[in-house]
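Asker: My questions all concern the structure below.
There are 2 protein chains.
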Amino acid sequence: MTTALASKQLPLRMKASFPIAVVAKAKAPSPASADKQATGLDELGTAHVVPRGKTVAEEGTPAEYVFKIVSGAFRVVRLLPDGRRSVIDFLLPGDYFGLAENGTYSHSLEVISDASFIRYPKGQLRHLLDSDPRASRRFFNLMCEQLSAAQGRLLMLSRKSAVERIASFILAMADRSQRKNGAIKLPMNRADVADYLGLTIETVSRTLSQLRADKVIELPTACQIVLRDRDRLAAISGDN
Amino acid sequence: MTTALASKQLPLRMKASFPIAVVAKAKAPSPASADKQATGLDELGTAHVVPRGKTVAEEGTPAEYVFKIVSGAFRVVRLLPDGRRSVIDFLLPGDYFGLAENGTYSHSLEVISDASFIRYPKGQLRHLLDSDPRASRRFFNLMCEQLSAAQGRLLMLSRKSAVERIASFILAMADRSQRKNGAIKLPMNRADVADYLGLTIETVSRTLSQLRADKVIELPTACQIVLRDRDRLAAISGDN
DNA sequence: CGGCGCCTTGAATAATATCAACGATAGTGG
DNA sequence: CCACTATCGTTGATATTATTCAAGGCGCCG
Chain A
14 MTTALASKQL PLRMKASFPI AVVAKAKAPS PASADKQATG LDELGTAHVV
64 PRGKTVAEEG TPAEYVFKIV SGAFRVVRLL PDGRRSVIDF LLPGDYFGLA
114 ENGTYSHSLE VISDASFIRY PKGQLRHLLD SDPRASRRFF NLMCEQLSAA
164 QGRLLMLSRK SAVERIASFI LAMADRSQRK NGAIKLPMNR ADVADYLGLT
214 IETVSRTLSQ LRADKVIELP TACQIVLRDR DRLAAISGDN
Chain B
14 MTTALASKQL PLRMKASFPI AVVAKAKAPS PASADKQATG LDELGTAHVV
64 PRGKTVAEEG TPAEYVFKIV SGAFRVVRLL PDGRRSVIDF LLPGDYFGLA
114 ENGTYSHSLE VISDASFIRY PKGQLRHLLD SDPRASRRFF NLMCEQLSAA
164 QGRLLMLSRK SAVERIASFI LAMADRSQRK NGAIKLPMNR ADVADYLGLT
214 IETVSRTLSQ LRADKVIELP TACQIVLRDR DRLAAISGDN
């Protein structure tokens, strides 16, 4: 509860200096048929730049768009009526949001670090999927990956201890995230990690401190992690 | 751990009287093109009958088939190396298994109550998806539903208390499951429920007892639940 | 330099797991 | 058909883990 309310609305100093802006408008829409592009999708979307803290899509509002992350980092958030928060996923460049959202968004999409994305009208995407087998196949595979990832997290949340979750998380971020001279750079804060792993801020912090004390990781800053003993981290994580 | 090992292999007395059997072999395979069927898929599969306790697909083995449940109930199971178990989903008639499984199965599919299913070679299904937009769309929507369901469960596992999980579970089963004169008939045992909700057998049992004591439900038998106060159950469940 | 978030750490509490015993039930074999 | 037995379910006592409450420190930005 504390976690949820604390992180519900990040009071970021959002000067108007960095508003949502259409940065590039694509060429004239073509009757999605003879495509040479990877997906034939690119020309349907508009590019946008957004500042940290911005909510790009809001839970409960009509799901009109699908988003493709270009740069930066996002969190996918869902709330319980009493305010408890769950971070369903973190999105990084190349990831999509909204593919499975039907009618209204069941999640909010929030910007963690200054970011940009391409936004596609859902109707047009649907049409493309119906008419272009290549795109259809591509997005079907994307859905498969998302589902697999979600199922992996179900196992984690239902059966893993706090250290195991943290270890798994660090290893996953090590693969996905940016590096800054050897250190993994976490774009999210402790509250986000906590709500992603189903823990509290305090437990996340304590567990990281413990891993540091055990010389498995180093923490140059709060949002940087250096792997000191990857094998042991993998052993702690519990899988394989 | 106790839970996992206890329920890892149900020592059901499996007399040879009820083996897997091909019950119906479909007509000659057609070059999936001019389909009149709902999905054009039916003729690709073979029907099978399986007894309780049987493992129909095993985690780690090549994912050659997709399954459509016809009757009975199944659990989708994933194990941690040390034996801890998670029930990722329960499958009832109309549900599919294996759509997102790539290369090798990342879950086992186990029969909870005597059941039957149709099995489709994955390669042929893929081919159908590539060639038939109707089928493609249908299965894309199925994947969307599965993903949404998984995400809902992520919220539950990461933020809900034991009572809330049990209440949500009962309400969900009330919609999906069979009835037996007014009572919801659970096909699974306590260990399955526990591993599905990320709890222990004992906590599941205690929580159900407590709900009974509070006159929210009745438990005519261990596997039957009568809703006595659906509104209160919904309130307890936490969502909406 | 000052203030505000964010992070860390400690101590007490609450929730759930674990250990253990008993009870109920259903399927088996006599 | 009944009694037996294995399995499953319930309940109690205790242990453990993570949460909650509280305070202080660090770092960043203005």
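One line per chain: the protein sequences are A and B, in this order. Numbers in this note's numbering are just positions in the first sequence, counted from 1, shifted up by 13. Numbers in this note's numbering are just positions in the second sequence, counted from 1, shifted up by 13. Even glycine gets a Cβ: it sits at the ideal position worked out from N, Cα and C. None of the values given here were measured: they were computed from a predicted structure.
Taking the straight line between their C-alpha atoms, what separation do you get for I131/A and A76/A?
Answerer: Distance between the alpha carbons of I131/A and A76/A is about 15 Å.
Asker: Return the residue from the list E231/A, R219/A, Y109/A that minimises the CA-CA distance to K198/A.
Answerer: Residue E231/A is the option with its Cα nearest to K198/A.
Asker: Of all the beta strand (DSSP E) runs that stay within the bounds of the region 162-228 of chain A, which reach a length of 3 or more residues?
Answerer: Within the region 162-228 of chain A, the complete beta strand (DSSP E) runs of at least 3 residues are 196-198.
Asker: Please list the partners that Q137/B has in chain A, where partner means a Cβ-to-Cβ separation under 7 Å.
Answerer: Here the premise fails: no neighbours, minimum Cβ distance about 15 Å.
Asker: L105/B to S99/B, Cα distance in whole Å?
Answerer: The straight-line gap from Cα to Cα measures roughly 18 Å.
Asker: Listing by chain order, which chain B residues have their CB less than 8 Å from the CB of I179/A?
Answerer: Under the 8 Å cutoff, chain B gives no residues; its nearest Cβ is about 14 Å from I179/A.
Asker: For F103/A, would you say it is in contact with chain B, using Cβ-to-Cβ distances shorter than 8 Å as the test?
Answerer: No, F103/A lies away from the interface with chain B (no Cβ there is under 8 Å from its Cβ).
Asker: So which of P146/B, G66/B, S218/B, S174/B has the shortest CA-CA distance to I249/B?
Answerer: Comparing Cα positions, the closest option is S174/B.
Asker: Go to A60/A, then tell me how far its beta strand (DSSP E) extends in each direction, as first and last residue.
Answerer: From DSSP, the beta strand (DSSP E) with A60/A extends over 59-63.
Asker: Start and end of the beta strand (DSSP E) containing D244/A?
Answerer: Segment 243-250 is the alpha helix (DSSP H) holding D244/A; no beta strand (DSSP E) there.
Asker: Could you tell me the alpha carbon to alpha carbon distance between F103/B and N202/B, rounded to whole angstroms?
Answerer: About 12 Å.
Asker: What does L170/A touch in chain B if you count any residue whose Cβ is under 8 Å from its own?
Answerer: Neighbours of L170/A on chain B, chain order: L167, L170, S171, G211.
Asker: Tell me which same chain residues have a C-beta within less than 6 Å of the C-beta of K67/A, skipping the five on either side of it?
Answerer: These residues qualify, in order along the chain: V124.
Asker: Determine the chain A residues that contact N253/B at a beta-carbon separation under 7 Å, and present them in chain order.
Answerer: Going along chain A in sequence order, the residues near N253/B (Cβ under 7 Å) are P94.
Asker: Among I101/A, L210/A, I238/A, which one has its Cα closest to the Cα of D192/A?
Answerer: Asp is not the amino acid found at residue 192/A; the sequence shown has Arg there. Per the Cα distances, I238/A.
Asker: So, under 8 Å CB-CB, S121/A and V62/A are touching, yes? Tell me the CB distance rounded to an integer number of Å.
Answerer: Contact flag wrong, Cβ pair sits at about 19 Å.
Asker: Can you tell me whether DSSP reads E77/A as helix, strand or coil?
Answerer: If DSSP states are grouped into helix, strand and coil, E77/A belongs with coil.
Asker: For P44/A and chain B, any beta-carbon pair shorter than 8 Å?
Answerer: Its pLDDT being 43, under 50, P44/A is placed unreliably in this model, and the coordinates cannot settle the point.
Asker: What number of angstroms, rounded off, separates the C-alpha of G85/A from the C-alpha of D108/A?
Answerer: Whole-angstrom Cα-Cα distance: 11 Å.
Asker: With DSSP collapsed to three states, give me the class of L92/A.
Answerer: Note: L92/A maps to strand in three-state DSSP.
Asker: Measure the CB-CB distance between Y118/B and T74/B and report whether it falls below 8 Å.
Answerer: Contact flag set, yes.
Asker: Going by the DSSP bridge assignment, what does T68/A pair with across the sheet?
Answerer: Beta-bridge pairing links T68/A to E123/A.
Asker: Ordered along the chain, which non-local residues of its own chain (more than five positions away) have a Cβ less than 8 Å from that of S181/B?
Answerer: M169, K173, S250, G251, D252.
Asker: Between T213/A, D127/A, L138/A, which has its C-alpha nearest F87/A's C-alpha?
Answerer: Ranking T213/A, D127/A, L138/A by Cα distance to F87/A puts D127/A first.
Asker: Within the continuous beta strand (DSSP E) that includes D102/B, where are the two ends?
Answerer: That run of the beta strand (DSSP E) goes 98-104.
Asker: Give the straight-line distance between the Cα atoms of K228/B and N194/B, rounded to the nearest whole angstrom.
Answerer: Each residue's alpha carbon lies about 19 Å from the other.
Asker: Return the residue from the list E114/A, R65/A, I82/A that minimises the CA-CA distance to G72/A.
Answerer: Looking at the sequence itself, residue 72/A is Glu, so the reference to Gly does not match. It is E114/A.
Asker: Taking a contact to mean a Cβ-Cβ separation below 8 Å, would you say T220/A touches I179/A in this structure?
Answerer: Yes, they are a contact pair.
Asker: Report the residue from T216/B, R245/B, D208/B whose alpha carbon sits nearest the alpha carbon of L93/B.
Answerer: Closest option to L93/B, Cα to Cα, is D208/B.
Asker: Please confirm whether P146/A has its beta-carbon closer than 8 Å to some beta-carbon of chain B.
Answerer: Chain B, which has a Cβ nearer than 8 Å to the Cβ of P146/A, makes this yes.
Asker: Given that a residue counts as buried once 16 or more other Cβ atoms are within 10 Å of its Cβ, and exposed if not, what is D188/B?
Answerer: Classification for D188/B: exposed.
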